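Colleague: Structure below; questions to follow.
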Amino acid sequence: MTRTPPRTADLPPGAARPRTPARRAIGRTLAAVLVAGVAVAGCAGDRVTEQKVVRWHAGTDDATSLTLVVGIGPGDRIERARVVSESASTVVVAVDVRRADGDQQAIAVYAEATVALDDPIGERVVENVDGTPVQQGTAL
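Counting in the UniProt record's numbering, the sequence shown runs from 1 upward without gaps.
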């Protein structure tokens, strides 16, 4: 015979509901979610995101490297710049930026990173990972 816990209405005033296996499981699950949430929140300030490149120019006279220009926050820093792929017609680039902890002023500063190419840029189009073309030039 299965014993059912009393309903809250049947308990005397001020009495706590008896613990059941289901209630204990729910309590353990909520505690685990709380601990995981605190752990994730602790890591949230130090994050790396991919930033779109806004301009590029040849980094060397022989055009076998590109200088990529990105807009970042005043406390951010470039973590890594890379050539994702090269073909006869396109060069796909990406720049990862480490975001600063805490609040920042809502202004952008421009930062540069240089990447090496397998072949000179020639007439190829430079694109971000999402396929948007990047304009050539140094002036913004």
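Even for Gly, the Cβ is constructed at its ideal location relative to N, Cα and C.
This one's a predicted model, so the numbers in the text were calculated from it and none came from an experiment.
Just reading off the beta strand (DSSP E) that R82 is part of, what are its end residues?
Modeller: In the sequence shown, residue 82 corresponds to position 82, counting from 1. From DSSP, the beta strand (DSSP E) with R82 extends over 77-86.
Colleague: Thinking C-beta only, is G73 closer than 8 Å to R99?
Modeller: Here residue 99 refers to the residue found at position 99 when the sequence shown is read from its first residue. Here residue 73 refers to the residue found at position 73 when the sequence shown is read from its first residue. Yes, the Cβ-Cβ distance between R99 and G73 is below 8 Å.
Colleague: Pairing CB atoms from the stretch 129-139 with CB atoms from the stretch 75-82, are three or more of them under 8 Å?
Modeller: The answer is no - the stretch 75-82 does not touch the stretch 129-139, with fewer than three Cβ pairs under 8 Å.
Colleague: Using the three-state DSSP reduction, which class does P21 fall into: helix, strand or coil?
Modeller: Numbered from 1 along the sequence shown, position 21 holds the residue referred to as residue 21. In the structure shown, P21 sits in a helix (DSSP, three-state: H, G or I).
Colleague: Cutting at 6 Å between CB atoms, please list the residues of its own chain near G75, excluding the five before and the five after it.
Modeller: Translated into positions along the sequence shown, residue 75 becomes position 75. A100, Q104, listed in sequence order.
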